Amino acid sequence: MIKLKISDYGGIHFREFDIKNLKLYRPNSEEEFVSFLNKLITKKISFSFSGGSHTFNGSSIPEPNKYHIDLTNYRWYKCHSDNILEVASGCTVWDIRDFVQSLKLKLRVWNGGFAGPTIGGYLLSGGFGRSGLSEKDGGLWEIVEFIKVIVPANGVIKTIRKSDAIFKWIFGSKGTLVIISSVGLRLEKLTNNELQKGEKGILPFLQPILYERHKYPDLFKYSPFTSAESQFLEYGTKLFWFSHLIYPESYENSIKVLSDFHYHNSSIIKPTGGWVDGPREQDKNFGYKYYIKQKSFIPPLLMNKNQDFLVTGIMSYLSISSTTNIEEIEKVSKNFINLTMNNGLRLYHQAEDFFNLIDYKTYYDKKTWSEYINHKKTLDPFNFLPSL
Ligand SMILES: Cc1cc2nc3c(=O)[nH]c(=O)nc-3n(C[C@H](O)[C@H](O)[C@H](O)COP(=O)(O)OP(=O)(O)OC[C@H]3O[C@@H](n4cnc5c(N)ncnc54)[C@H](O)[C@@H]3O)c2cc1C
Numbered sequence: 342m343i344k345l346k347i348s349d350y351g352g353i354h355f356r357e358f359d360i361k362n363l364k365l366y367r368p369n370s371e372e373e374f375v376s377f378l379n380k381l382i383t384k385k386i387s388f389s390f391s392g393g394s395h396t397f398n399g400s401s402i403p404e405p406n407k408y409h410i411d412l413t414n415y416r417w418y419k420c421h422s423d424n425i426l427e428v429a430s431g432c433t434v435w436d437i438r439d440f441v442q443s444l445k446l447k448l449r450v451w452n453g454g455f456a457g458p459t460i461g462g463y464l465l466s467g468g469f470g471r472s473g474l475s476e477k478d479g480g481l482w483e484i485v486e487f488i489k490v491i492v493p494a495n496g497v498i499k500t501i502r503k504s505d506a507i508f509k510w511i512f513g514s515k516g517t518l519v520i521i522s523s524v525g526l527r528l529e530k531l532t533n534n535e536l537q538k539g540e541k542g543i544l545p546f547l548q549p550i551l552y553e554r555h556k557y558p559d560l561f562k563y564s565p566f567t568s569a570e571s572q573f574l575e576y577g578t579k580l581f582w583f584s585h586l587i588y589p590e591s592y593e594n595s596i597k598v599l600s601d602f603h604y605h606n607s608s609i610i611k612p613t614g615g616w617v618d619g620p621r622e623q624d625k626n627f628g629y630k631y632y633i634k635q636k637s638f639i640p641p642l643l644m645n646k647n648q649d650f651l652v653t654g655i656m657s658y659l660s661i662s663s664t665t666n667i668e669e670i671e672k673v674s675k676n677f678i679n680l681t682m683n684n685g686l687r688l689y690h691q692a693e694d695f696f697n698l699i700d701y702k703t704y705y706d707k708k709t710w711s712e713y714i715n716h717k718k719t720l721d722p723f724n725f726l727p728s729l
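Taking this note's numbering, the leading residue of the sequence shown gets 342, the next gets one more, and so forth.
Quick look at the structure:
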């Protein structure tokens, strides 16, 4: 029996599989992907997904006795015009950034931290740009022209455009409403760019990293970090984020809550990489602050008012090398969620509800929750996908 341990970036959650029982499917082309899913949906066979597995909550890890669709090789692209590029949902965001740059175009919003998230996973988590990007250009939703999805209700592929009412609900929906096949991105044209209408291809892997290191930790445990990886990764620990989504008027309150969180968990939380101070002596450069400019709309599953907002928070490396460590992280996460919700602030739960502790029925206001449930009933009545 050959055992395979499968995990995600966070390394908190994992499952071991006897590989002969693992139903892993890694599509390459749109035709393959759509016809395979159509078959599963028609025959009411359950399935799950992973993009880059750069989430902490274990939702991208295969489940026993379920088909698992791994989008690692799902990386085709199609040029629709000299600045609209359609990319398959398995394309790594940083590879799209570097690929279009080589064609003298610019991807205006891309993720910070590390080269992990795919465009599908990034869109489903919300899509905040690295510091400075979303301050000017807003979130990922501002540069997405259309999303091609497979509707779980009938297994049919559908193009959702910016003008469609459901468009804004896909951002931040965490893979609970639709299956993303591809995304149409509007790029910024630089001089004599080289994007040719009708051109097609496969997006190359451009980052000097082991893309699946987190997914298969035992397979790569003897592979030393590449120099790019060692700038971000440390053995036995992972960088965790504890973020608030707030409107500018709640900034002081958010910083006070972050300071209390740091104070009560200072034996575990060691802020790193911050540039914002807090009220306490120990809060020097302890936090971060990203500005998300409101342009056309704000996804309701992120914030419920159409106005600029901020992402504030603390980053800390946390050890994941023992069960005790993981229990400590759960305690810290619970404390952060309670402190935040008791102060009426929002969380970046799409990426940071590490242990699935939040009750979303009470987390969202009534209007947002009932609209979400209506969309869920229409798009995924048989619950092929998980729910919030
Ligand atoms: C190092 C690091 C840096 C980050 N930086 C940022 C940042 O700057 N801004 C930001 O907004 N976020 C950031 N995030 C959060 C990140 O964008 C999300 O965690 C995102 O979901 C990860 O994408 P992924 O492709 O790895 O998704 P996965 O972890 O593979 O999947 C996430 C969920 O989406 C589902 N899913 C994935 N693909 C599809 C699909 N095509 N159709 C349907 N369901 C699907 C999976 O089943 C799973 O439930 C960061 C995360 C990490 C670990």
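By construction, the Cβ of each residue, glycine as well, lies at the ideal position given by its N, Cα and C atoms. Just so we're clear, the structure is a prediction, and the values are computed from it rather than from any experiment.
Could you tell me the distance, in whole angstroms, from the CA atom of residue i to the CA atom of residue j?
i: I596; j: G393; result: 31 angstroms
i: S663; j: E575; result: 15 angstroms
i: D411; j: V519; result: 16 angstroms
i: V492; j: V617; result: 43 angstroms
i: G351; j: G525; result: 29 angstroms
i: P545; j: I460; result: 14 angstroms
i: I678; j: L580; result: 18 angstroms
i: H409; j: K556; result: 13 angstroms
i: I670; j: I610; result: 9 angstroms
i: A494; j: I714; result: 14 angstroms
i: I587; j: L448; result: 26 angstroms
i: D431; j: T413; result: Here the sequence assigns Gly to residue 431, which means Asp is not the residue at that position. Computed Cα separation, rounded: 6 angstroms.
i: F583; j: T653; result: 8 angstroms
i: T532; j: E590; result: 40 angstroms
i: P458; j: E693; result: 14 angstroms
i: L426; j: C420; result: 5 angstroms
i: N379; j: Q442; result: 35 angstroms
i: S348; j: F388; result: 17 angstroms
i: D436; j: D706; result: 37 angstroms
Report back the beta-carbon spacing between residue i and residue j to the nearest angstrom; my notes put them in contact at under 8 angstroms.
i: E540; j: L446; result: About 12 angstroms; that fails the 8 angstroms criterion.
i: L749; j: G453; result: Coverage of the chain is limited to positions 342 through 729, which leaves residue 749 absent and any answer about it impossible.
i: T613; j: M656; result: 6 angstroms
i: Y418; j: P368; result: Actually they do not touch by this definition, with Cβ atoms about 15 angstroms apart.
i: I402; j: H354; result: 6 angstroms
i: S728; j: T396; result: About 16 angstroms; that fails the 8 angstroms criterion.
i: F440; j: L547; result: 7 angstroms
i: D423; j: K538; result: 7 angstroms
Which stretch, first to last residue, makes up the beta strand (DSSP E) that contains residue i?
i: W417; result: 417-420
i: L474; result: Unbroken run through L474 is the alpha helix (DSSP H), 474-478; no beta strand (DSSP E).
i: R502; result: 497-502
i: L378; result: No beta strand (DSSP E) contains L378, which is instead part of the alpha helix (DSSP H) from 371-383.
i: D359; result: 355-359
i: A429; result: 425-429
i: R527; result: 520-527
i: I460; result: I460 -> not in any beta strand (DSSP E); alpha helix (DSSP H) instead, spanning 460-466.
i: V490; result: 485-492
i: S401; result: Careful: S401 lies outside any beta strand (DSSP E) and carries neither H nor E.
i: S348; result: 344-348
What is the residue span of the alpha helix (DSSP H) that residue i lies within?
i: F508; result: 508-511
i: F677; result: 664-683
i: I322; result: Lying outside 342 to 729, the shown extent of the chain, residue 322 is not represented and no answer is given.
i: S394; result: Where S394 is concerned, there is no enclosing alpha helix (DSSP H), given that its DSSP letter is neither H nor E.
Counting only runs of 3+ residues fully inside the segment 548-608, write out the beta strand (DSSP E) ranges in chain order.
DSSP runs (the beta strand (DSSP E)) wholly in the segment 548-608: 578-587.
As an exercise, report each continuous beta strand (DSSP E) stretch of at least 3 residues that is fully enclosed by the segment 622-654, in chain order.
629-633
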